[in-house]
Structures are given as C-alpha cells and as structure tokens.
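Peer 1: Right, I'll just put the structure down here and ask away after.
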Amino acid sequence: MKNKKILLIIEIAIPIIILGGSFEIERYISARVEKFSNNIVIVNEDNSALGEDDKPLEIVNRQSYGNVEGFSENFGFIGDDEALVGIGLSQEEFYKKYPNEFDTSNEKDDKLFDEANDDIYGNIYRLKLSTLEKKPLPLGIEVSSLWSDLEPNVNKITYIKDNNYLIYDLKNDSSTVYQKASDVKEDIGNVKGNWSKDGSYIISYYDGDLDLYNVKEKSSKKLKVKSDNLWIGTIPSFYSENGENIYFIGTQNKNNDSRYQRTGIFKINSSSQKIEEVLVLPYRDTQSSDYSKESGIPSNDYSILEEGKKIILNATIEGKDGTYIYDVDSKKFYNVIPHVNTDAEGSYCSAIWVSPDKTKVIYLNKELEDGKKQWNLYAAKINGNSLTSKICIYRGINFPRTISNAVQWSGDSKKILFFSGSEKIEKNNFVFTDKNEVNIITFK
Numbered sequence: 005m006k007n008k009k010i011l012l013i014i015e016i017a018i019p020i021i022i023l024g025g026s027f028e029i030e031r032y033i034s035a036r037v038e039k040f041s042n043n044i045v046i047v048n049e050d051n052s053a054l055g056e057d058d059k060p061l062e063i064v065n066r067q068s069y070g071n072v073e074g075f076s077e078n079f080g081f082i083g084d085d086e087a088l089v090g091i092g093l094s095q096e097e098f099y100k101k102y103p104n105e106f107d108t109s110n111e112k113d114d115k116l117f118d119e120a121n122d123d124i125y126g127n128i129y130r131l132k133l134s135t136l137e138k139k140p141l142p143l144g145i146e147v148s149s150l151w152s153d154l155e156p157n158v159n160k161i162t163y164i165k166d167n168n169y170l171i172y173d174l175k176n177d178s179s180t181v182y183q184k185a186s187d188v189k190e191d192i193g194n195v196k197g198n199w200s201k202d203g204s205y206i207i208s209y210y211d212g213d214l215d216l217y218n219v220k221e222k223s224s225k226k227l228k229v230k231s232d233n234l235w236i237g238t239i240p241s242f243y244s245e246n247g248e249n250i251y252f253i254g255t256q257n258k259n260n261d262s263r264y265q266r267t268g269i270f271k272i273n274s275s276s277q278k279i280e281e282v283l284v285l286p287y288r289d290t291q292s293s294d295y296s297k298e299s300g301i302p303s304n305d306y307s308i309l310e311e312g313k314k315i316i317l318n319a320t321i322e323g324k325d326g327t328y329i330y331d332v333d334s335k336k337f338y339n340v341i342p343h344v345n346t347d348a349e350g351s352y353c354s355a356i357w358v359s360p361d362k363t364k365v366i367y368l369n370k371e372l373e374d375g376k377k378q379w380n381l382y383a384a385k386i387n388g389n390s391l392t393s394k395i396c397i398y399r400g401i402n403f404p405r406t407i408s409n410a411v412q413w414s415g416d417s418k419k420i421l422f423f424s425g426s427e428k429i430e431k432n433n434f435v436f437t438d439k440n441e442v443n444i445i446t447f448k
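In terms of the numbering used here, the sequence shown is residues 5 to 448.
This is how it looks when you write it as structure tokens:
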C-alpha cells in the first residue's frame, strides 16, 4: 500500500492540488454552499495592522546556504545541527530517467507516473545542516510510506510497511510494529494520523471514528465520533496535547436534515467520550448556488492556544478568506491575516506554522507587489487576539515541494528551518526549483 505524497488532507469534498509559484499550493475547492443562519461575530475586521509591543520579535541570526540536490520534504529538526528530510532524484537524474510526458489515461503511463512521483520524493534522510552530509535511515523508509510527520521534541515518526504500521525511533534507529495489517479494518493509507504534542499518543481515523494509540502501554482505544448528524470532515485534523482532549474538524447536519450543514472544530474527551462544540460556523444550504456568504474551514491548518481558550485557523467566514484567532469564551473571530484575492478563481489558504510554545507564528501570504503576484513569508508574535511585531522574513519565496511542512520550528521555539529556490523549472507536468537552499533563522 502506497501513501500518496501530495494528498495531505482528505475532505468530504474533493481535494484539488494547484501549482502556485514553484511549489504545491494546497487549495481545497468544496461544493459551494450558502449560509443558512448566522450568529458569527467578527471583530477588528482587519486586525493585521500589527502594532508594537514591549518585547518586539527580533532576528539574531540568519543563514542561507548550499544546495541539497533532490530535496523533496522538510520534516524538521532532530537536534541543533541535524534535520530529517526527504531526498529523491535530482532534476537532471529525473529527466534522464523520465524524458517524456506521461499520458495518465494510459494504464501503463499512469503506473509509470506513480513511480516517477515516488522517485521525486525518494527516501527519508538525516541531513547534517553544517556540512549538508546526508545519511539514509537504516531501513530505507520511503517518503511515500510516512504515516505521521515528525513532532518537535518527540523524535519519532510512524510509517507503513507491508500494510503494517510502525514507529521509528530516531534516537536509537529502531523500528517497532504498533498495528498489524490484520487489525486494519480499511485501507486508509492516504489519510495519515497525528501525534499528540507530548508524543505519548498516535491519533488516527478508523471507520468514521478515532483510534487513540497509547505508545507507552502499546494499547489502542476507539473513540466514537460518527453519528447521523456529526462526522469527521477533514483527515487528518486531530490535535491533542496529551491524549486527554482531542480536537478535530467535523461536519454537522441541522436537525437530521442533510440539506443544511455546518463545519466546526469539536473536542472529544478520551475518558468520558463526551463530544463538545468548540467552534462552529453558520449552517449553510448545500443546494444553493449563492457563494457570496459561504463559511467553512478549508484546511486542517489550525492550532490550539492558551490551553484551549483560543484557536488560530484558516477559515472562510461569510465569504471572507483569512487567518483568524477565535476567542472561545466570547465566541468572536479576529481577522489577523486577511487573504488578498489575486486570482480570478478566488483567494488561497495561507499556511501557518505556530511555534511549539505557542508564542510565535510563521505565515505565508500571497500578495500583489508592483502588479506582480508573489508569496511572502512573515513572522509575528501571537499576542492575545492579535499578532504583533510583524516581520517579513522572505519576499517572493519558492518552496520546492509540499507547503504544509515547508517551515519547521525547533523544539525550543527559537529557530525555523526551510528550503527555497530562486525560480521554478516546469517540464512534462513536473515542477522543480533551480536549487534547494537551506535557510535557518534564529529569533531572540
């Protein structure tokens, strides 16, 4: 069973990958729907005018160097001078092996296309950042088999091999099976799972419900979610600090009527299995073609702040795309990053990367500068219901591959790691960057 590389989110609607710049912009085009009722409150409609504070964000070191041939994925720091990355064929090697365009309507070409994708993404390596020396993991783990990404301070990944689910410990280079193929009810190799932030649990989707695996006790527990009026709408969208309360993006029917639905973030307690509504958007008429006031959560890009008191997320609220901070007590949304509509087909989700200590955020936004569309990378402090100390850290950035893990924080929340290229090279429906430069930024 192969785990598809670019399929990072599975929604009830069909996910679509759009190439933007020289990297994959993950845009999710759902069936357009109209708001049915509205109790949403948006305050500070444009809360992106970032002000000063008494402890401004400060960069103390910036490094850009080298070229990692064949770089495909950034999984993050595994120490001060080492990172976990994906490395496949270089541009030259790839086009030498695959010189012609693929006809995916042809079964033979379609199979070859999948093989080409595997060759682009390659295997998982340790990369020594100071020397760019690369070393494959001993078991030759493919990027395509990765089940959950690396969590800062955990130093473990999960992956699939021979339909078994395994945990790989990067500290001692050991691998153990935690779920056998015979225990897997359905082929869910494309949907992935999430670690709890403390690394004690693995949370995954299981036949409409949640599977909570206790790493220390080597035991699983099923948490009932699916009902006639509520189901998990985005996979994976699971967030938990320690396995006690698990957040997920879900979809609800209104009073058993599937015509009217709403999206929200819900929380299930692993002991009581009680489900609570944490954040819900207006119900919408799924049969309406009026898209002007739609509301939804188009990606799994969210983070829980202040022990559940606030949530930062990408959302569309009454037709307005942006990144919002939601205050759980007041039930108000604060638009902290407005998304500029620079394309005829609509605006995009801007990825966010929140630091492990929840005090800082890196975000990507598409902007018009001198009539030219480009992606700029920013850093800011999370300060209550707003962002402060905004810094543009890279203008006109081109990420080589998948955007969701393009930026990675160190475990101490002081450094970020990302890779960039100067320009894209597109040929035969595949995209490369001219180089894969290492970027490390250290904050005070």
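From the three backbone atoms N, C-alpha and C, an ideal C-beta is built for every residue, glycine too.
Between which two residues does the alpha helix (DSSP H) harbouring glutamate 111 extend?
Peer 2: 111 to 125
Peer 1: Just to confirm, are serine 179 and leucine 143 a CB contact at a threshold of 8 Å?
Peer 2: yes
Peer 1: Quick one: is proline 103 buried, meaning 16 or more other Cβ sit within 10 Å of its Cβ, or exposed?
Peer 2: exposed
Peer 1: Sorted by chain position, which residues of the same chain lie with C-beta nearer than 6 Å to leucine 234's C-beta, five sequence neighbours on each side aside?
Peer 2: Taken in chain order, the residues that qualify are Gly254 and Gln256.
Peer 1: In chain order, which continuous runs of the beta strand (DSSP E) of length 3 or greater are located wholly inside the stretch 367 to 423?
Peer 2: For the stretch 367 to 423, whole beta strand (DSSP E) runs of length 3 or above, ordered along the chain, are 376 to 387 and 390 to 398.
Peer 1: Counting pairs of beta carbons, one from the stretch 397 to 415 and one from the stretch 149 to 168, are three or more of them closer than 8 Å?
Peer 2: yes
Peer 1: For phenylalanine 436, name the three-state secondary structure that DSSP assigns.
Peer 2: strand
Peer 1: Can you tell me whether lysine 278 is buried or exposed, with buried defined as 16 or more other CB within 10 angstroms of its CB?
Peer 2: exposed
Peer 1: Sort Phe447, Ile445, Lys448 and Glu441 by Cα distance to glycine 70 and report the nearest one.
Peer 2: Glu441
Peer 1: Helix, strand or coil for valine 365, going by three-state DSSP, please let me know.
Peer 2: strand
Peer 1: Using only the alpha-carbon positions, how far apart do histidine 343 and serine 307 sit?
Peer 2: 18 Å
Peer 1: Nearest-angstrom Cα distance between asparagine 167 and glycine 126?
Peer 2: In this model, asparagine 167 and glycine 126 are separated by some 19 Å (Cα to Cα).
Peer 1: Span of the beta strand (DSSP E) holding tyrosine 243?
Peer 2: Run containing tyrosine 243: none; DSSP gives neither H nor E here.
Peer 1: So for phenylalanine 106, helix, strand or coil by DSSP?
Peer 2: coil
Peer 1: Taking the beta carbon of isoleucine 401 as the centre, do at least 16 other beta carbons fall within 10 Å, making it buried, or is it exposed?
Peer 2: buried
Peer 1: Indicate the three-state DSSP secondary structure (helix, strand or coil) for valine 72 in the structure shown.
Peer 2: coil
Peer 1: What separation, rounded to the nearest whole angstrom, lies between the Cα atoms of glycine 83 and phenylalanine 117?
Peer 2: 35 Å
Peer 1: Just the Cα atoms here: how many angstroms apart are isoleucine 444 and threonine 290?
Peer 2: 45 Å
Peer 1: Just reading off the beta strand (DSSP E) that glutamate 86 is part of, what are its end residues?
Peer 2: 86 to 91
Peer 1: Taking 8 Å as the cut-off, decide whether the C-beta atoms of valine 158 and glycine 203 are in contact.
Peer 2: yes
Peer 1: Compute the Euclidean distance between the alpha carbons of glutamate 205 and threonine 238, then round it to the nearest angstrom.
Peer 2: Per the sequence shown, the amino acid found at residue 205 is tyrosine instead of glutamate. The alpha-carbon atoms of tyrosine 205 and threonine 238 are separated by roughly 19 Å.
Peer 1: So for valine 64, helix, strand or coil by DSSP?
Peer 2: strand
Peer 1: Run the CB neighbour count on proline 140, radius 10 Å, all protein chains shown included, and call it buried at 16 or more, exposed below.
Peer 2: Here proline 140 is exposed: its Cβ has fewer than 16 other Cβ atoms, across all protein chains shown, within 10 Å.
Peer 1: Between which two residues does the alpha helix (DSSP H) carrying glutamate 96 extend?
Peer 2: Looking at the DSSP string, the run of the alpha helix (DSSP H) that includes glutamate 96 is 95 to 101.
Peer 1: Do asparagine 304 and proline 240 have their C-beta atoms closer together than 8 Å?
Peer 2: yes
Peer 1: Is it right to say valine 45 is buried, meaning 16 or more other beta carbons lie within 10 angstroms of its own, or is it exposed?
Peer 2: exposed
Peer 1: Around the C-beta of tyrosine 295, are 16 or more other C-beta atoms found within 10 angstroms, so that it is buried, or is it exposed?
Peer 2: exposed
Peer 1: Do you know how far the Cα of leucine 131 is from the Cα of lysine 184?
Peer 2: 30 Å
Peer 1: Do isoleucine 397 and lysine 362 have their C-beta atoms closer together than 8 Å?
Peer 2: no
Peer 1: In chain order, what residues of the same chain lie with their CB nearer than 8 Å to the CB of leucine 170, ignoring the 5 residues before and after it?
Peer 2: Thr162, Tyr163, Ile164, Ser179, Thr180, Val181 and Tyr182
Peer 1: At the level of alpha carbons, what is the spacing between serine 275 and glycine 247?
Peer 2: 10 Å
Peer 1: Going by DSSP in three states, glycine 212 sits in which element: helix, strand or coil?
Peer 2: coil
Peer 1: Can you find the residues in the same chain that come closer than 6 Å, C-beta to C-beta, to alanine 120, ignoring five residues on each side of it along the sequence?
Peer 2: Tyr102
Peer 1: The ligand PLP heavy atoms versus the CB of aspartate 438: any closer than 7 Å?
Peer 2: Ligands in the displayed structure: none, and consequently the ligand PLP is not present.
Peer 1: Please report how far the alpha carbon of asparagine 260 lies from the alpha carbon of serine 231, in whole angstroms.
Peer 2: Put simply, the backbone Cα of asparagine 260 is about 10 Å away from that of serine 231.
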